[in-house]
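Peer 1: This is the structure I have questions about; it appears just below.
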Amino acid sequence: MIGHAIQILLRLADKRRLTIILGLSAFAAITEGVGFVLLVPLLGAIVDTSAQSAFSPVQDGLAALGWQPGLAEILAIFAGLIILRAAAEYARTILSLKQNIAIVDGLRQRAFAALLGADWRTLSRMRQSDNRALLISEVDRSAVALDQLAGLVRLVIGILAIGLAALTISPIVALAGFVAGGLVFALYGSLRRRARGLGQAMGEKYRVIYGRLEENLDAARVVKSFGKERFAEEQMIEGFQSLRRVRLRFAIDNARARGMLQACAALLVAILVWLAFEVWSYPALLVLPLVALFARALPQLGALLDAWQMWSHTAPAVIAADTLIREAEGAAEITGLVAAHPPQFTREIAFENVGLSHREDAATLQSVSLSISAGEFVALVGPSGAGKSTLADIAGGLLSPDQGEVLIDGVALDPALRQSWRRRVAYVDQQPILFHGTIRENLTWADAEASEAALERALQQASAGFVADLPGGLDCHVGEGGRQLSGGERQRIVLARALLRDPALLILDEATSALDSNADQSVARAVADLRGTLTILAIGHRGALTDLAPRKVTLVNGRIASDESVR
């Protein structure tokens, strides 16, 4: 799992920028290591070390080069290294930030584009609250994972540089320190595995919380009318408590690990210093720089282990986001085959032995054969689950049948034509979808180039003249989801938006089923005035809209039970 998450992030990274970041990290670490090595000649320049020179490989190396730097020279080099390291760290920080933002934004944009690009059959099966949780919380956790991975790489380079500096000063003490550090890291094994499990659990908890939030907020009116506020609140409290327990377990594990590291580090430093003085008889000239190195390395080792644990905890989010993207991209529509021009619809749309199954054990549509003439107004009625909306989705080019075919003026609706055909189709759903903004913004969402006259004409066709009486008219804000308007008003604005596309086929899917009788009649009258100007397919059980249709097709259990002209 960890390796898979790293592969995903490397695939998303800018390789050139990543190389520069690694180079700057290595340079900063090397300058720090050289600075520690310079402590030996620095101390030698301050104190009399004539009796101790044999113990200093650094001093011996400088002597072999024929260079015996004085105090001023060493201090100048030391200060220069610190300045260079600070500059490298600054450049690395800026580049890393840009890299991380680019990767996370790219991951979120790719996930969103993949979802929108997926075929409707796959997208309609997904739980959208899970997708929202992945796009927001899981991608945010992926950003944390990326930060931790970058920190891991930086800390590893830094610890290696400190280790090389220690080897230069005293190979024996350095090797002993490596062994001790390896033992501490090995003790983290079980904690890393536990962190990965908690990371996966946290992702699941977030998805459950998002799902419950969406359900309860969308059903706020029902919740209040049924007096179920306390029940909804208890549901959310249960979800929050479950998430809190996972986060608390992770925090406890992390605190336990840090405490263990501090205790082990203190013990190991004490043992190494005692060995250096009492067993190996090292002089203070060498032991003091080594103590400084250990004092620097131990916090970095602690940070490394913390970063590794946090990386193990957040890496599952990277995999979850990548899995969503791959699933959606695997079901992507073939956009490269889009026809340049949508099919002409001047005679009829015909369904020939159309069949489709959403589940393997049951057919939604079975051998449906139906012809709808251009300009005709047809009501598609039947009980719930009869396949009405599925047939409408096939007619609108959202779904392709498993069997049979759809022909428009005798031309089969293949994948290329199906996507271009959607340009000539407009939907009005049962739940009117309005975006937070003005009426103008909601209308021009369908056609950004629409003129003022076109907007007014669409509103007139939809019997939405009430817009002129609203504060601001077209620039009146509708509120979130259009809540500033009544249900009938929202539905007529949605109808106007659909008509602004100048569609050849208008699909009304239960468009008035959620409205009261007055609003139902208002929308029905608007649709009735459109007869003959475009083809209308109205789906419903009953109501003024389906009653107006001159032709009624009844679906039962995925088959056409009747097809009759009413008047």
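If you read the sequence shown in the UniProt record's numbering, its first letter stands for residue 1, the second for the next number, and so on. Don't be surprised by glycine CBs; every beta carbon is placed ideally from N, CA and C.
Quick one: what's got a C-beta closer than 7 Å to A79's C-beta in the same chain, skipping five residues either side?
Peer 2: So the list is empty, once near-sequence residues are dropped.
Peer 1: What is the DSSP secondary structure of L106, counted as helix, strand or coil?
Peer 2: Before going on, a small fix: residue 106 reads as Gly here, not Leu. Here G106 sits in helix by DSSP.
Peer 1: Short of 6 Å in beta carbon distance, which residues of its chain neighbour Y90, apart from the five on each side in sequence? Order them along the chain.
Peer 2: Excluding sequence neighbours, Y90 sits near nothing in its chain.
Peer 1: Alpha carbon to alpha carbon, how far is K552 from S367?
Peer 2: Spanning the two alpha carbons is a distance of roughly 18 Å.
Peer 1: Which value, in whole angstroms, describes the spacing of the CA atoms of R92 and L9?
Peer 2: The alpha-carbon atoms of R92 and L9 are separated by roughly 18 Å.
Peer 1: Express the C-alpha separation of G472 and E405 in angstroms, rounding to a whole number.
Peer 2: The straight-line gap from Cα to Cα measures roughly 48 Å.
Peer 1: Check whether the Cβ atoms of A407 and I560 lie closer than 8 Å to each other.
Peer 2: The amino acid at residue 407 is misidentified as Ala; the sequence shows Leu. No, these two residues do not count as a Cβ contact at 8 Å.
Peer 1: With DSSP run on the structure shown, which of helix, strand or coil describes V478?
Peer 2: V478: coil per DSSP, three-state reduction.
Peer 1: Here's the rule: buried if 16 or more other CB atoms are within 10 angstroms of the residue's CB, otherwise exposed. What is E342?
Peer 2: The sequence shown places Pro at residue 342, not Glu. Buried: at least 16 other Cβ atoms inside 10 Å.
Peer 1: Between S50 and I169, what straight-line distance do the alpha-carbon atoms span, to the nearest angstrom?
Peer 2: Reliability of the predicted coordinates at S50 is poor, the pLDDT of 48 falling under 50, and no value is obtained from them.
Peer 1: Does the contact criterion of 3 or more C-beta pairs under 8 Å hold for the stretch 521 to 536 versus the stretch 496 to 507?
Peer 2: In short, these stretches touch, since the Cβ pair count reaches three.
Peer 1: Hey, how far is the Cα of A257 from the Cα of A303?
Peer 2: In a straight line, the C-alpha of A257 is about 11 Å away from that of A303.
Peer 1: State the start and end residues of the unbroken alpha helix (DSSP H) segment that holds L156.
Peer 2: In the sequence under discussion, the amino acid at residue 156 is Val, which differs from the Leu named in the question. Note, V156: alpha helix (DSSP H), V139 to I169.
Peer 1: Considering only residues of the same chain and omitting the five flanking positions on each side of L459, which have a CB-CB separation below 6 Å?
Peer 2: Answer for L459: V467 and A496, listed in chain order.
Peer 1: So, for E376: in the same chain, excluding its five sequence neighbours on each side, which residues have a beta-carbon less than 7 Å away from its beta-carbon?
Peer 2: Cβ within range, chain order: T535 and R551.
Peer 1: Which term fits S373, buried or exposed, when burial requires 16 or more other beta carbons within 10 angstroms of its beta carbon?
Peer 2: The residue in question, S373, is exposed, as its Cβ has fewer than 16 Cβ neighbours within 10 Å.
Peer 1: If you drop the 5 nearest sequence neighbours on each side, which residues of the same chain put their C-beta closer than 6 Å to that of Y282?
Peer 2: Cβ neighbours of Y282 beyond the five flanking positions: A276.
Peer 1: With burial defined as no fewer than 16 other Cβ atoms inside 10 Å of the residue's Cβ, what is the status of R490: buried or exposed?
Peer 2: Under this definition R490 is a buried residue.
Peer 1: Could you tell me which residues DSSP puts in a beta bridge with I83?
Peer 2: Answer by DSSP bridge pairing: none, since I83 is not bridged.
Peer 1: Under DSSP, the alpha helix (DSSP H) around S129 begins and ends at which residues?
Peer 2: Taken as a continuous stretch (DSSP letters only), the alpha helix (DSSP H) holding S129 covers Q128 to A133.
Peer 1: Kindly give me the distance between the Cβ atoms of L455 and L399, rounded to whole angstroms, as I take these residues to be in contact under 8 Å.
Peer 2: Going by Cβ atoms, the distance from L455 to L399 rounds to 31 Å, so no, they are not a contact pair.
Peer 1: Using the Cα positions of I433 and L134, report the straight-line distance between them to the nearest angstrom.
Peer 2: Rounded to the nearest angstrom, the two C-alpha atoms are 23 Å apart.
Peer 1: Would you kindly work out how many angstroms separate the C-alpha atoms of L443 and G488, rounded to a whole number?
Peer 2: Answer to the nearest angstrom: the Cα atoms are 16 Å apart.
Peer 1: Quick check: the stretch 311 to 324 against the stretch 138 to 150, are there 3 or more CB pairs under 8 Å?
Peer 2: Enough Cβ pairs lie closer than 8 Å, so yes.
Peer 1: Between the C-alpha atoms of L243 and R212, what's the straight-line distance to the nearest angstrom?
Peer 2: Near 13 Å, if we compare the C-alpha coordinates of R212 and L243.
Peer 1: Grab me the residues of A150's own chain with a C-beta within less than 6 Å of its C-beta, minus the 5 sequence neighbours each way, in chain order.
Peer 2: Same-chain partners within the cutoff: S96.
Peer 1: So with Cβ pairs under 8 Å, would you call S486 a contact of chain B?
Peer 2: Within the model displayed, chain B is absent; a lone protein chain is all it includes.
Peer 1: Which stretch, first to last residue, makes up the alpha helix (DSSP H) that contains Q430?
Peer 2: Segment: none, Q430 is in no alpha helix (DSSP H) and carries neither H nor E.
Peer 1: Along the chain, where does the alpha helix (DSSP H) containing I30 start, and where does it finish?
Peer 2: Counting along the chain, the alpha helix (DSSP H) containing I30 begins and ends at K15 to V37.
Peer 1: On the DSSP bridge assignment, give the partners of D509 in chain order.
Peer 2: According to DSSP, D509 bridges with I539.
Peer 1: Is D529 helix, strand or coil by DSSP?
Peer 2: The answer is coil: DSSP assigns D529 none of H, G, I, E or B.
Peer 1: Comparing alpha-carbon positions, which option in E327, D563, N131 and V37 lies nearest A165?
Peer 2: Checked all of E327, D563, N131 and V37; the closest Cα to A165 is V37.
Peer 1: Considering only the beta carbon of each residue, do V381 and A511 sit closer than 8 Å?
Peer 2: Cβ distance not < 8 Å, so V381 and A511 don't count as in contact.
Peer 1: In chain order, which beta strand (DSSP E) runs of at least 3 residues are fully inside the stretch 381 to 463?
Peer 2: Segments of the beta strand (DSSP E) lying fully in the stretch 381 to 463: 403 to 408 and 425 to 428.
Peer 1: So, do the stretch 284 to 296 and the stretch 119 to 134 have three or more beta carbon pairs nearer to each other than 8 Å?
Peer 2: Cβ pair count under 8 Å is below three, so no.
Peer 1: Return the bridge partner residues of E489 from the DSSP annotation.
Peer 2: Note: E489 sits in no beta bridge, so no partner.
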